[in-house]
Amino acid sequence: MTDFQRVEALLRRDPVWSAYALADLEPPHADHAYWLLGGESVLLVYSGLEPPVLFAQGLASDLPDLISRVPAGSYQFALLPDHRQTVDPWMEVQRETLMWRMVLPPGALRWDPAYDLAIRLGAADIAQVRSLFEGQKDMPDAFLPEQLDAGPFYGIMADGQLAAVAGVHVVSSRFRIAAIGNVYTHPAWRGRGFAKAATAAVARELQSAGVGIIVLNVARSNRAAIRAYQALGFAAHGEYYEGVAYLSPAAQ
């Protein structure tokens, strides 16, 4: 039986890095979360996405034992640099990106009246959101329709069509944590600050609701997005690797 108190205690050691995992301790995500404990570390296998997601928190030296207990197969992964290096012998990487985890400190949001053009979206707007993403190679890869009602989701309209969106991947009222995601602008409308405005609107609603830790992820190479997030008040928390790999637990 999983010692959930131990899992939570380990994740709370770095709640910014563990924001998604902490949210996975609660419904509906908890039904898809499988936890492995060992030493001072925890490994999460989250099956709510396809392929499942691997996440680790703790000491790199504990990971060989934990990763060897995960069934072989294809996985997405979010791993800190030392964790990524440690489990490399078990992974055949298909693609990966160096990312930044960013966090918005309490009270740090820099609001501009120009952001008022962002409008609140909901489940009734799913057709417009799908139309925005349709056929785009760089569309968000973790969007789920239920996220439109899971937390704040905002959009920017241009010429009568949805031009940009931002929402949340997870929100946890228990841990007062949220992860902003699905930030996207149609190629025809980029460079106008639309995604920045939508992101600001999401962050403001989250802070108004009492969320204390608000995180987001951005590719380390995406300098324009990083500058936009920094202008809103987000700060870098640390680097990590995100990607897809085939896991072979029998590797040595």
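Counting from 750, one number per residue, gives the positions in the sequence shown under the numbering used here.
The C-beta atom is built at its ideal place from N, Cα and C for all residues, glycine as well.
What span of residues does the alpha helix (DSSP H) with residue i cover, start to end?
i	result
Glu799	Careful: Glu799 lies outside any alpha helix (DSSP H) and carries neither H nor E.
Leu965	Run containing Leu965: none in the alpha helix (DSSP H); it sits in the beta strand (DSSP E), Ile962 to Ala968.
Val951	Phe943 to Ser957
Tyr769	Ala768 to Ala772
Tyr978	Arg972 to Leu981
His918	No alpha helix (DSSP H) holds His918; the beta strand (DSSP E) holding it covers Gln910 to Ser921.
Near residue i, what residues of its chain come up, given a Cβ to Cβ distance below 6 angstroms and the 5 sequence neighbours on each side ignored?
i	result
Ser823	Pro800 and Tyr995
Tyr951	Going by the sequence as given, residue 951 is Val instead of Tyr. Cβ within range, chain order: Pro901, Tyr903, Ala915 and Ile929.
Gln754	none
Ala949	Tyr864 and Leu981
Pro894	Ile875
Hey, out of the options, whose CA is closest to residue i's CA?
i	options	result
Ile963	Leu853, Thr948 and His986	Leu853
Gly987	Leu793, Leu808, Ala821 and Leu828	Leu828
Ser957	Ser922, Arg972, Gln834 and Pro776	Ser922
Gly884	Pro936, Gly959 and Ser997	Pro936
Pro855	Thr948, Ala985 and Gly959	Gly959
Ala907	Leu881, Thr835, Asp861 and Val993	Leu881
His832	Pro820, Val842, Ser810 and Asp814	Ser810
Met840	Asp874, Pro862, Leu803 and Asp861	Leu803
Val967	Leu955, Arg953, Ala985 and Glu954	Ala985
Leu955	Thr846, Ser767 and Ala857	Ala857
Grouping DSSP H, G and I as helix and E and B as strand, with all else coil, what is residue i?
i	result
Gln885	coil
Phe753	helix
Leu793	strand
Gln1001	Confidence in Gln1001 is poor, its pLDDT being 47 and thus under 50, which makes the residue's placement too unreliable to answer from.
Ser1002	Here the chain has residues from 750 to 1001 only, and residue 1002 is not among them.
Trp938	helix
Trp784	strand
Trp849	strand
Arg879	helix
Ala899	helix
Ala891	coil
Tyr867	Before going on, a small fix: residue 867 reads as Ala here, not Tyr. It is coil, neither helix nor strand.
Ala857	coil
Arg833	helix
If the criterion is Cβ atoms closer than 8 angstroms, does the pair residue i and residue j meet it?
i	j	result
Met851	Glu991	no
Leu965	Phe983	yes
Ala872	Leu911	no
Leu981	Arg859	yes
Leu786	Arg818	no
Leu760	Val791	yes
Leu866	Ile905	yes
Asp752	Gln806	no
Tyr933	Ala946	no
Val878	Ala899	no
Val993	Gln834	no
Tyr989	Pro889	no
Which same chain residues, not among the five before or five after residue i, have their C-beta less than 8 angstroms away from its C-beta?
i	result
Gln1001	Legend: pLDDT at Gln1001 = 47, less than 50; position of this residue unreliable, no value from coordinates given.
Ala779	Asp773
Ala758	none
His918	Tyr769, Ala891, Gln896, Ala928, Ile929, Gly930 and Asn931
Tyr783	Leu793, Val794, Tyr795 and Ser796
Leu808	Gly788, Glu789 and Ser790
Ser997	Ala821, Trp839, Met840 and Glu841
Gly961	Pro855, Arg925 and Ile926
Asp814	Gly787 and Gly788
Closer than 7 angstroms to a non-hydrogen atom of the ligand SAM - does that hold for the CB of residue i?
i	result
Glu841	Ligands in the displayed structure: none, and consequently the ligand SAM is not present.
In the DSSP assignment, find the unbroken beta strand (DSSP E) run with residue i in it and report its ends.
i	result
His986	Ala984 to Leu996
Phe826	Gly822 to Leu828
In chain order, what residues of the same chain lie with their CB nearer than 7 angstroms to the CB of residue i, ignoring the 5 residues before and after it?
i	result
Pro777	none
Leu771	Leu760, Pro764, Ser921, Phe924 and Ile926
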